[in-house]
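Report on one structure; see the data block that follows.
Numbering (full-length UniProt numbering), first residue to last: 1 to 336.
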């Protein structure tokens, strides 16, 4: 028993944290684009941190459930509904067999995540359940989900302690201008001082060329000292390549394993969700931080996630507060 796809949405795939350790052999890491939303989705259900989820972009899927389960929805606000009634996000939701989960348009953000209590029955390939659509590897048959696909649950888990406490504030993806913090390098020295200042002072906009491989930005050209080409070297999630035309390209989850263009900087891990939740024509500015500052910010985010975990395991205050009727009954017993 599991889920049947009624409508696939756009770019709906099975993803986890990625296929790490194989870039040297030519395999892209893949994995979720918005790691923070992914982690919160699993945290809400007490799933293992790397439990596979469904990721979708711009248009959400419609799913029919064939048995009871518990889910959580995070990421951008796609106006989810269950059987036509609005459903809460960043909350553990009890689902009955026969229920239908659907989504409207993206009110905020551009990517959404659905986690399932007990996980999806998807085989691991090279240590990951992530889908690499380019090579047809992993996930559900190595591809995007299609209408009538059926994915069973791996295990049935219908009890979560402190169920009513399992709600968290939704992340805000609707800023007018997203400021992305970056660490300069590894080829920042290939750019003129004027080029570096252009990169850090000017505003760039997201173009239509934005997918799981990368995000091409438009704005003032960034000047190189000489050529834009280098001997190909390894790429990382968030690396910012600048080809000869001077317009930056941010490499994302399905990026190529190596690249032959100069990389002026890399977006720090905690800010990548800000980028991948942007839409076309949204604005971006860059700001430099040191490696030590980036590491400190990552530690702070990890501590924040642990605080969230503690919060959802506390008894719900609404349950602990006595209702008016209970108070009146207590008073009567005291009088008697």
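All residues carry an ideal CB built from backbone N, CA and C; glycine is no exception. None of the values given here were measured: they were computed from a predicted structure.
Distance from the CA atom of residue 43 to the CA atom of residue 49, rounded to whole angstroms, is 7 Å. The beta carbons of residue 183 and residue 289 sit closer together than 8 Å. The beta strand (DSSP E) runs lying completely inside the stretch 249 to 311 and spanning 3 residues or more are 249 to 251, 258 to 261, 263 to 267 and 283 to 288, given in chain order. Taken through DSSP and simplified to helix, strand or coil, residue 236 comes out as coil. For residue 196, the three-state secondary structure derived from DSSP is helix. Measuring C-alpha to C-alpha distances from residue 33 to each of 227, 306, 283 and 210 identifies 210 as the nearest. Here DSSP, grouped into helix, strand and coil, assigns residue 39 to helix. Note that the stretch 2 to 20 does not touch the stretch 261 to 281; fewer than 3 beta-carbon pairs, one per stretch, sit closer than 8 Å. In the three-state reduction of the DSSP assignment, residue 189 falls in the helix class. Residues 202 and 204 of the same chain have their beta carbon placed closer than 6 Å to that of residue 219, with the five preceding and five following residues left out of the count. The stretch 226 to 233 makes contact with the stretch 254 to 262: 3 or more CB pairs, one atom from each, lie closer than 8 Å. Across the structure, residue 131 and residue 116 are spaced so that their CA atoms are roughly 17 Å apart. Between the C-alpha atoms of residue 295 and residue 66 there is a straight-line separation of about 44 Å.
Listed in chain order, the non-local C-beta contacts of residue 314 below 7 Å within the same chain comprise 162 and 165, local neighbours out to five positions each way being set aside. According to the DSSP secondary-structure assignment, residue 56 is paired through a beta bridge with 112. Nearest in C-alpha terms to residue 10, of all of 106, 191, 138 and 129, is 106. Contact check for residue 63 against residue 122 fails: the beta carbons are separated by 8 Å or more.
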